[in-house]
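Engineer: Here it is, the structure, as structure tokens.
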Amino acid sequence: MTKLPDGFLWGGAVAAHQLEGGWQEGGKGVSLADVMTAGDANTPREITDGVLPGKNYPNHEAIDFYHHYKEDIKLFAEMGFKAFRTSIAWTRIFPNGDEALPNEEGLKFYDDVFAECKKYGIEPVITLAHFEMPWHLIKEYGGWRDRRLIDFYLRFAEVCFNRYKDVVKYWMTFNEIDNQADYNRKFSMATNSGLLFADDSTPAEREAAMYQASHYELVASAKAVRLGHAINPDFKIGSMINFTPQYPASSKPEDILMADKAMQKRSWWSDVQVNGEYPGYMKAYLRKTGYAPDITDADRAALAAGKVDYIGFSYYSSNTVTAKADNPDYNFDGESEQTANPHLPKSDWGWTIDPVGLRSSLNWLYERYRVPLMIVENGLGAYDKVEADGSIHDPYRIDYLRAHIEQMEKAVDEDGVDLVGYMPWGCIDLVSAGTGQMDKRYGFIYVDKNDAGEGTLARSRKDSFAWYKKVIATNGEDL
Ligand code: P53
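Residue numbers for the sequence shown follow this note's numbering, so the first one is 2 and each next one is one higher.
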């Protein structure tokens with residue numbers, strides 16, 4: 002018997018805007034991702050006011066999965082994928098977001114993608130909103146500041162649930178809904194919630210807007226869960242969070258409390274999605290800060306009636322925090338309390354590498370929520386070198402994934418965690434969400450395109466391709 006259950010969903014994960022390209026094909030509308038420029042490890046991406054001449058928008062073409070999906074899914078099948086996580090670009094289905102009727106050509110594209118998966122017995126795992134809401138909803142409504150977004154989102158969800166009810170079973174409502182805990186990072190506020198702020202906005206303004214937007218998203222998510230179950234009772238509809246454990250920097254009680262408070266600041270979204278109500282600590286926080294988002298009794302009833310079936314989460318790294326004298330309330334803003342962890346190496350982009358943290362995370366999540374878990378992102382962004390003969394040796398990627406899979410298996414085998422699947426991020430090279438780079442690569446499959454946008458888009462197998470194929474074939478026994 003293997004350490005992992007039969008039917009374990011080995012696969013890989015991507016998101017529509019980061020690989021599809023075809024930004025103006027098939028009647029697609031302009032999305033937030035279409036107005037995000039390329040940055041790099043030190044330069045943040047810019048969100049421009051519409052598509053401006055002379056700017057580099059890497060998601061417009063991405064890796065052109067729109068025209069290469071058959072070839073790419075065939076390669077996933079060659080590795081033995083049982084599952085493929087992608088998202089549905091909202092703007093292919095509702096180009097502006099507030100139309101009454103969907104765009105048939107957009108729906109047809111995903112019919113074709115999912116049929117291609119099914120041909121190889123690959124289960125599609127689908128995120129509805131992954132960092133790419135219609136630009137029109139941001140310009141005209143201010144994004145998720147506006148309660149009307151709930152109904153626009155539900156229309157989108159309903160159309161997708163009905164159209165794909167016989168081919169898609171696993172759904173997630175919003176990608177990394179907890180990322181907006183970072184309300185000082187303009188980028189997360191835009192990608193999560195379509196919130197744009199003036200340069201002179203204050204942290205309190207941003208945080209208040211974030212709680213309002215998050216609340217509407219949580220109501221939309223809960224209503225989508227209910228709607229989905231009514232359309233097909235076999236659907237499994239999950240939340241999706243970016244799980245980044247917050248460690249105390251020392252055994253000092255104040256540091257431990259700071260770490261607990263930091264965890265709360267990131268965990269309240271999944272608390273609401275799993276338990277159907279706001280946790281006590283968040284009610285207290287909103288009361289004390291006076292942010293007072295618009296929350297109605299009907300909203301509370303909707304939250305209670307739409308609990309998720311499972312938790313999908315990404316895991317890349319851990320953070321470490323320290324209590325500070327000038328922060329007596331232990332208020333975590335995502336940045337100020339962070340400190341280096343001397344025990345952990347870092348990636349070229351400064352992300353800590355912490356495989357044991359994945360085992361702790363699986364335990365923490367399962368103890369707290371007692372619902373099935375799915376790892377829907379994990380991986381190492383790295384520079385790859387193509388050798389003269391075209392081969393790509395990526396032992397660093399294999400080492401990272403092996404170490405994480407080892408810990409994942411211990412969590413299942415020794416700790417009894419109910420884990421459904423493992424879908425490492427960027428199974429084929431794609432545009433980085435955070436930096437817009439192509440050269441921050443995660444893939445088992447190399448794509449010939451660089452940060453400047455040059456390249457043939459040809460696909461080739463890295464060393465990690467054969468390695469992952471063997472891992473899947475042995476259900477994780479031969480690492
Ligand atoms: P990139 C920040 C921190 C952790 C995960 O990230 C994040 C982000 C957003 O940048 O996003 C997730 O491409 C996300 C994917 C993203 C992936 O992690 O910045 O769900 O869309 O590509 C990796 O290296």
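Glycine included, each C-beta is placed from N, C-alpha and C at the ideal position. Quick caveat: nothing in here was measured; it's all calculated off a predicted structure.
(1) Once you ignore the five residues that flank leucine 155 on each side, which residues in its own chain have a CB closer than 7 Å to its CB?
(2) Cutting at 8 Å between CB atoms, please list the residues of its own chain near aspartate 479, excluding the five before and the five after it.
(3) Within the continuous beta strand (DSSP E) that includes alanine 39, where are the two ends?
(4) Considering Cα atoms alone, identify which of Ile64, Phe77, Val114 and Asp99 is closest to serine 88.
(5) Are there three or more Cβ pairs, one per stretch, closer than 8 Å when the segment 254-265 is compared with the segment 159-177?
(6) What does the alpha-carbon distance come out to for the pair arginine 186 and alanine 84?
(7) Which whole-angstrom value describes the C-beta separation of alanine 34 and cysteine 428, a residue pair presumed to lie in contact below a C-beta threshold of 8 Å?
(8) Closest to alanine 305 by CA distance: which of Ala326, Lys289, Gly313 and Asp272 is it?
(9) Can you grab the Cα-Cα spacing for the pair phenylalanine 110 / glutamate 159, in whole Å?
(10) Quick one: grab the DSSP three-state call for glutamate 410.
(11) DSSP puts leucine 420 in a beta bridge; with which residues?
(12) Measure from the alpha carbon of proline 45 to the alpha carbon of each residue in Tyr286, Glu124, Glu26 and Phe188, then state which is nearest.
(13) May I ask you to report which of helix, strand or coil DSSP gives lysine 463?
(14) Identify whether phenylalanine 175 lies in helix, strand or coil by the three-state DSSP scheme.
(15) Express the C-alpha separation of glutamate 62 and alanine 16 in angstroms, rounding to a whole number.
(16) Taking only three categories from DSSP, how would you classify phenylalanine 314?
(17) Let me check you understand the geometry: is the CB of lysine 386 closer than 7 Å to at least one non-hydrogen atom of ligand 1?
(18) Could you tell me which of Asp295, Asn43, Ile48 and Glu117 sits nearest to glutamate 72, measuring between CA atoms?
(19) With burial defined as no fewer than 16 other Cβ atoms inside 10 Å of the residue's Cβ, what is the status of glutamine 213: buried or exposed?
(20) For valine 126, count the other beta carbons within 10 Å of its own beta carbon; 16 or more makes it buried, fewer makes it exposed. Which is it?
(21) According to DSSP, simplified to helix, strand and coil, what is glycine 239?
(22) Are the beta-carbon atoms belonging to tryptophan 91 and methionine 134 less than 8 Å from one another?
(23) Taking the beta strand (DSSP E) that glutamine 1 falls in, what are its first and last residues?
(24) Do tryptophan 365 and ligand 1 come close, with the Cβ less than 7 Å from some heavy atom?
(25) Let me check you understand the geometry: is the CB of alanine 39 closer than 7 Å to at least one non-hydrogen atom of ligand 1?
(26) Pick out whichever of Asp395, Ala191 and Phe314 has its Cα sitting closest to the Cα of serine 465.
(27) For glycine 22, which option in Asp334, Phe9, Val432 and Gly8 has the closest C-alpha, if you only look at C-alpha atoms?
(28) Looking at the structure shown, is glutamate 141 part of a helix, part of a strand, or coil, going by DSSP?
(29) My guess is that aspartate 355 and leucine 345 are in contact by the Cβ rule of under 8 Å, so how many angstroms apart are they, rounded?
(30) Give the secondary structure of lysine 347 by DSSP, where H, G and I count as helix, E and B as strand, and everything else as coil.
(31) How would you call alanine 260, buried or exposed, if buried means at least 16 neighbouring beta carbons within 10 angstroms?
(32) For a test of the three-state rule: what should DSSP assign to tyrosine 401, helix, strand or coil?
(33) As a quick exercise: from Tyr317, Ala285, Asp235 and Met190, pick the residue whose alpha carbon is nearest that of asparagine 332.
(34) Would you say serine 174 touches ligand 1, meaning its beta carbon is less than 7 Å from a heavy atom?
(35) Quick one: give me the first and last residue of the alpha helix (DSSP H) that alanine 191 is part of.
(36) Using the three-state DSSP reduction, which class does tyrosine 121 fall into: helix, strand or coil?
Structural biologist: With the structure as the only source:
(1) Ala221, Lys224, Ala225 and Leu228
(2) Excluding sequence positions up to five before and after aspartate 479, its CB lies within less than 8 Å of the CB of Lys471 and Val472, all in the same chain and listed in chain order.
(3) Run containing alanine 39: none; DSSP gives neither H nor E here.
(4) Val114
(5) no
(6) 32 Å
(7) Rounded, the Cβ-Cβ distance is 19 Å, inconsistent with contact.
(8) Taking only the C-alpha atoms, the option nearest alanine 305 is Asp272.
(9) 17 Å
(10) When secondary structure is reduced to three states using DSSP, glutamate 410 falls in the helix class.
(11) Leu374, per the DSSP bridge assignment.
(12) Phe188
(13) coil
(14) Phenylalanine 175: strand per DSSP, three-state reduction.
(15) 14 Å
(16) strand
(17) no
(18) Glu117
(19) buried
(20) buried
(21) strand
(22) yes
(23) As displayed, the chain neither begins before 2 nor continues past 480, which places residue 1 out of reach and without an answer.
(24) Not under cutoff, so the answer is no.
(25) no
(26) Asp395
(27) The shortest Cα separation from glycine 22 among Asp334, Phe9, Val432 and Gly8 belongs to Val432.
(28) helix
(29) 5 Å
(30) strand
(31) buried
(32) helix
(33) Ala285
(34) First, the residue type needs correcting, since residue 174 is threonine and not serine in the sequence shown. Not under cutoff, so the answer is no.
(35) 187-194
(36) Tyrosine 121: coil per DSSP, three-state reduction.
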